Amino acid sequence: MDTEQSRNGFFLPTESRHALVGSNGLPIHVQLGLTPSKGFLKEKDVWLNYRRNYFEVSCHVALLSAHGPGSSKLYVDQQNQVASFHLDVSAEYCDGSDAGLIQFTSQWNKGPKATPTPQLVPLQTGATRVFFKRLQFNRATPNNSRRIGVKKPCRIIIQLNVKTTHGTTIRIAESVSQPILVRGRSPAHFLKLAANNHPMPE
-12 MDTEQSRNGF FLPTESRHAL VGSNGLPIHV QLGLTPSKGF LKEKDVWLNY RRNYFEVSCH
48 VALLSAHGPG SSKLYVDQQN QVASFHLDVS AEYCDGSDAG LIQFTSQWNK GPKATPTPQL
108 VPLQTGATRV FFKRLQFNRA TPNNSRRIGV KKPCRIIIQL NVKTTHGTTI RIAESVSQPI
168 LVRGRSPAHF LKLAANNHPM PE
């Protein structure tokens, strides 16, 4: 059953890619608190999404220092000064190939749509919350509703990147979701199968 506790386990713990420090050389710890706000359900320990349904991810981003308030300047690997922070969202199959995401600019409009754009995160040290809204997977999972055949689940990837004062982009942290099966059929389709005593696909 989909509960708040299970949604909190939807994303794996944050993985750091590069060290972030203040101008005093003391470490700044990055935390990504990620929750699927809507669009997913859990059945038999498997996360599901219906491709035509919008989904949303809430991202709580925190920069923490064990030594009190941080400095006004931050650096990656003690040498690249941070100009800005950005969050990116993408999707890939569990074999590493691109799964594709699209984002609608209006909730009730079928267009325009585009690849999700990075979200500016207004951080020095402290915390803020960012939302990725009106997202859809570009296609359903192959073999998503067949009893026979290898299913190819995908996962969502959230990355926190910095743009340095030299204009380069460096990934400093990321978190990935649990595997997701994306069904092309709507929930009403499966309810109709059950009502007509047809076997439900696995």
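Residue numbers for the sequence shown follow the working numbering, so the first one is -12 and each next one is one higher. Backbone N, C-alpha and C define an ideal beta-carbon position, used for all residues, glycine too. For clarity, every value in this text was computed on a predicted model and none was experimentally measured.
- prompt: Straight-line CA distance for L(-1) to I143?
  reply: Along the sequence shown, read from residue 1 onward, the residue named residue -1 stands at position 12. Along the sequence shown, read from residue 1 onward, the residue named residue 143 stands at position 156. Roughly 10 Å separates the two Cα atoms.
query: For the candidate residues R116, S52, D85 and G113, whose alpha-carbon lies nearest to that of T102?
result: One-based indexing of the sequence shown puts residue 102 at position 115. Closest option to T102, judged by alpha-carbon separation, among R116, S52, D85 and G113: D85.
query: Is it a yes or a no for the segment 2 to 18 touching the segment 150 to 167, going by three-plus beta-carbon pairs under 8 Å?
result: Yes, they touch.
field: First and last residue of the uninterrupted beta strand (DSSP E) at K25
entry: Residue mapping note: residue 25 aligns to position 38 of the sequence shown, counting from 1. Per DSSP, the continuous beta strand (DSSP E) segment holding K25 begins and ends at P14 to K25.
task: Mark A78 as exposed unless 16 or more other C-beta atoms lie within 10 angstroms of its C-beta, in which case mark it buried.
output: Here the question's residue 78 lines up with position 91 in the sequence shown. A78 comes out buried.
- prompt: With which residues is R158 paired in a DSSP beta bridge?
  reply: Residue mapping note: residue 158 aligns to position 171 of the sequence shown, counting from 1. N148, per the DSSP bridge assignment.
- prompt: In angstroms, rounded to a whole number, what distance separates the CA positions of Q68 and E30?
  reply: Residue mapping note: residue 68 aligns to position 81 of the sequence shown, counting from 1. Residue mapping note: residue 30 aligns to position 43 of the sequence shown, counting from 1. Going by the C-alpha atoms only, they are around 45 Å apart.
task: Look at the alpha carbon of L19 and the alpha carbon of V117, and state the distance between them as a whole number of angstroms.
output: Position 32 of the sequence shown, counting from 1, holds the residue named residue 19. Position 130 of the sequence shown, counting from 1, holds the residue named residue 117. Approximately 11 Å between the Cα atoms of the pair.
message: Within the continuous beta strand (DSSP E) that includes G9, where are the two ends?
response: Against the sequence shown, residue 9 aligns to sequence position 22. Boundaries of the beta strand (DSSP E) around G9: L7 to G9.
query: Do you know how far the Cα of A114 is from the Cα of H63?
result: On the sequence shown, residue 63 is found 76 positions in, with the first residue counted as 1. On the sequence shown, residue 114 is found 127 positions in, with the first residue counted as 1. Note that residue 63 corresponds to Val in the displayed sequence, not to His. Looking at the two C-alpha atoms, the distance is approximately 18 Å.
task: For C81, I'd like the list of residues in its chain whose CB is within less than 8 Å of its CB, leaving aside the five on either flank, ordered along the chain.
output: Against the sequence shown, residue 81 aligns to sequence position 94. For C81, where only same-chain residues beyond five positions count, the Cβ hits under 8 Å are K139, P140, C141, R142 and P166.
message: Threshold first: 3 residues or longer. Then list the beta strand (DSSP E) segments lying entirely within the segment 34 to 117, N to C.
response: Listed in chain order, the beta strand (DSSP E) elements of length 3 or more contained wholly in the segment 34 to 117 are 42 to 51, 61 to 63, 67 to 80, 88 to 91 and 106 to 108.
- prompt: What's the call for N11, buried or exposed, on a 16-neighbour Cβ count within 10 Å?
  reply: Numbered from 1 along the sequence shown, position 24 holds the residue referred to as residue 11. N11 is exposed by the Cβ-count criterion.
message: Just list the residues that DSSP pairs Q123 with in beta bridges.
response: On the sequence shown, position 136 is the one that residue 123 refers to. DSSP lists I89 as partners of Q123.
query: What's the gap between the Cα of K60 and the Cα of H47?
result: Position 73 of the sequence shown, counted from the start, is the residue given in the question as residue 60. Position 60 of the sequence shown, counted from the start, is the residue given in the question as residue 47. Rounded to whole angstroms, K60 to H47 spans 21 Å at the Cα level.
message: Could you check whether Q90 and R191 sit closer than 8 Å to each other, using their CB atoms as the reference points?
response: Missing from the structure shown is residue 191; the chain here goes from -12 to 189 and no further.
message: Out of N36, I15, D32 and V17, which one is the CA nearest neighbour of K25?
response: Within the sequence shown, residue 25 is the residue found at index 38, counting from 1. Comparing C-alpha distances from K25 to each of N36, I15, D32 and V17 shows the shortest one belongs to N36.
message: By the DSSP assignment, the beta strand (DSSP E) with K29 in it spans what residues?
response: For the purposes of this step, residue 29 is identified with residue 42 of the sequence shown, where counting begins at 1. First-last of the beta strand (DSSP E) with K29: L28 to E30.
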